[in-house]
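Asks:
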Amino acid sequence: MNITVNGSELEIAANSTVEALLKNLDKPLNGSALAVNENIIRRSQWAEYKLCDGDKISLFQAIAGG
Amino acid sequence: MLTESEILRYSPHLLLDDLGESGQEKLKNSHVLIIGMGGLGSPAAMYLAAAGVGTLVIADFDHLEQSNLQRQIGYQTDDIGAPKVQLMKHRLLMINPQIRVRTVNTKMDESQLLLELMMVNLVLDCTDNMASRQMINAACVEARVPLIVGAAIRMEGQLMLFDHSQSDAACYHCLFANSDEQALNCSNSGVLGPVVGTIGTLQALEAIKYIVGLPSGIKNRLKLFDGKTLEWQTFKITKDAQCSVCGQKK
Chain P
1 MNITVNGSEL
11 EIAANSTVEA
21 LLKNLDKPLN
31 GSALAVNENI
41 IRRSQWAEYK
51 LCDGDKISLF
61 QAIAGG
Chain E
67 MLTESEILRY
77 SPHLLLDDLG
87 ESGQEKLKNS
97 HVLIIGMGGL
107 GSPAAMYLAA
117 AGVGTLVIAD
127 FDHLEQSNLQ
137 RQIGYQTDDI
147 GAPKVQLMKH
157 RLLMINPQIR
167 VRTVNTKMDE
177 SQLLLELMMV
187 NLVLDCTDNM
197 ASRQMINAAC
207 VEARVPLIVG
217 AAIRMEGQLM
227 LFDHSQSDAA
237 CYHCLFANSD
247 EQALNCSNSG
257 VLGPVVGTIG
267 TLQALEAIKY
277 IVGLPSGIKN
287 RLKLFDGKTL
297 EWQTFKITKD
307 AQCSVCGQKK
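If you read the protein sequences in the order shown, they are chains P and E.
Position 57 of the first sequence, counting from 1, maps to 57 under my numbering, and the rest follow consecutively.
Count along the second sequence from 1, then add 66; that gives the number in my numbering.
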């Protein structure tokens, strides 16, 4: 199935979880938050949350500056 | 009741259907705590002082440094070395002598913060580090004080509002769970002045709207600002029933 991550298209296995996607991406996840179709998915759900075809994933870091 | 001088000063507010005299009186009677007097806190405090928020409590334990002046527009070059809250109090009262300004010139621990929260209606988190952000969030959850969070680095900003006086409020910890993870800050990543100023200005706007009772478009939302494209993204934050900070809230 096809999803987008921060606007870039990506093909992943059907029924992939958020956690599986993140393993694939091999990105540093320190202080990160993730949203699927503009809803924040809390970290405790990443292992079980299943992605769907067409999902738009946004991955971003906490910023603390001011 | 507004005085004659206040009616003159705030006449542009009084013309607004959304604000008017009753809104101005709400501003006058409100007490707002702004934590952090840097790039976010400078415009936030100056706009709220100008708008007639009756009591501002400003907190920061830093002294002004030369590298602050590129974005912290409340200060001047001659001010380098002086405590920021002392400088800002003077600045705010120059803008508007009709308000009260109190300063907190120490690094507050949780118990001191909880005491301060007993005396305010609203908190603006304008700090520059993750540990402070998590502590402020936890204290606001406990004290049920609404919190407007701003943050910026590089050319990006983040803005959110959690109305902890309401039981459906999510919290900062629902979004960014772990406080010991490295978060980006202005010292390690750099920042452009108008980007952090935009976020601080919007914290002031949301504060005024909250005080006068206008609905907020960012309650339980995270807004991400891209200073390169000027695009905004909006994400919905659902209260996490398992959140170790706000999940047990009755």
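The beta-carbon is built from N, C-alpha and C at its ideal position, and this holds for glycine as well.
Do tyrosine 276 of chain E and isoleucine 214 of chain E have their CB atoms nearer than 9 Å?
Replies: yes
Asks: Buried or exposed: lysine 27 of chain P, going by 16 or more other Cβ atoms within 10 Å of its Cβ?
Replies: exposed
Asks: So, leucine 22 of chain P versus leucine 34 of chain P, is the Cβ gap smaller than 9 Å?
Replies: A contact, by the Cβ cut-off of 9 Å.
Asks: Looking at cysteine 206 of chain E: is its Cβ nearer than 9 Å to the Cβ of methionine 103 of chain E?
Replies: no
Asks: Are the stretch 133–140 of chain E and the stretch 77–96 of chain E in contact at 8 Å, needing three or more beta carbon pairs?
Replies: no
Asks: May I ask you to list, following chain order, the residues of the stretch 175–199 of chain E that have a beta carbon less than 7 Å from some beta carbon of chain P?
Replies: Cys192, Thr193, Asp194, Asn195, Met196 and Arg199
Asks: Compare the beta carbon distance of asparagine 187 of chain E and valine 211 of chain E with 9 Å and say whether it is the shorter of the two.
Replies: yes
Asks: For the alpha helix (DSSP H) that contains valine 262 of chain E, what are its first and last residues?
Replies: 259–278
Asks: Please state the DSSP three-state secondary structure of alanine 33 of chain P.
Replies: Residue state for alanine 33 of chain P is assigned as strand, using DSSP reduced to three classes.
Asks: Report the rounded CA-to-CA distance for methionine 1 of chain P versus isoleucine 41 of chain P, giving the unit in angstroms.
Replies: 20 Å
Asks: With which residues is glycine 216 of chain E paired in a DSSP beta bridge?
Replies: E:Leu225
Asks: Residues in its own chain within less than 6 Å of alanine 47 of chain P by CB, not counting five upstream and five downstream?
Replies: Glu19
Asks: Is serine 8 of chain P close to chain E? Criterion is C-beta to C-beta, closer than 9 Å.
Replies: no
Asks: Spatial neighbours of alanine 270 of chain E within its chain, please: C-beta separation below 7 Å, excluding the five flanking residues on both sides.
Replies: Taken in chain order, the residues that qualify are Pro109, Ala110, Tyr113 and Leu114.
Asks: Residue ranges of each beta strand (DSSP E) run of no fewer than 3 residues wholly in the stretch 108–137 of chain E, ordered along the chain?
Replies: 121–125
Asks: Count the other CB atoms within 10 Å of the CB of serine 44 of chain P; is the residue buried (16 or more) or exposed (fewer)?
Replies: exposed
Asks: Can you check whether the CB of histidine 239 of chain E is closer than 9 Å to the CB of alanine 197 of chain E?
Replies: Histidine 239 of chain E sits away from alanine 197 of chain E, with the two beta carbons spaced by 9 Å or more.
Asks: Report the rounded CA-to-CA distance for isoleucine 284 of chain E versus alanine 209 of chain E, giving the unit in angstroms.
Replies: Taking the straight line joining both Cα atoms gives about 21 Å.
Asks: Can you tell me whether DSSP reads isoleucine 303 of chain E as helix, strand or coil?
Replies: coil
Asks: What are the start and end residues of the alpha helix (DSSP H) that includes histidine 97 of chain E?
Replies: Here histidine 97 of chain E belongs to no alpha helix (DSSP H); instead the beta strand (DSSP E) covers 97–101.
Asks: What does leucine 290 of chain E pair with, by DSSP beta-bridge criteria?
Replies: E:Gln224 and E:Gln299
Asks: Using 9 Å as the threshold, is the C-beta distance between glycine 66 of chain P and glycine 266 of chain E below it?
Replies: yes
Asks: On the DSSP bridge list, what partners appear for serine 58 of chain P?
Replies: P:Ala35
Asks: Using a Cβ cut-off of 9 Å (strictly closer), state whether alanine 218 of chain E contacts chain P.
Replies: yes
Asks: Could you please tell me which residues of the stretch 25–39 of chain P, in chain order, have their CB closer than 8 Å to any CB of chain E?
Replies: Asn30, Gly31, Ala33, Ala35, Glu38 and Asn39
Asks: Leaving out five residues before and five after leucine 80 of chain E in sequence, what residues of the same chain have Cβ atoms less than 8 Å from its Cβ?
Replies: Ile73, Gly86, Glu87 and Gln90
Asks: With which residues is proline 149 of chain E paired in a DSSP beta bridge?
Replies: E:His129
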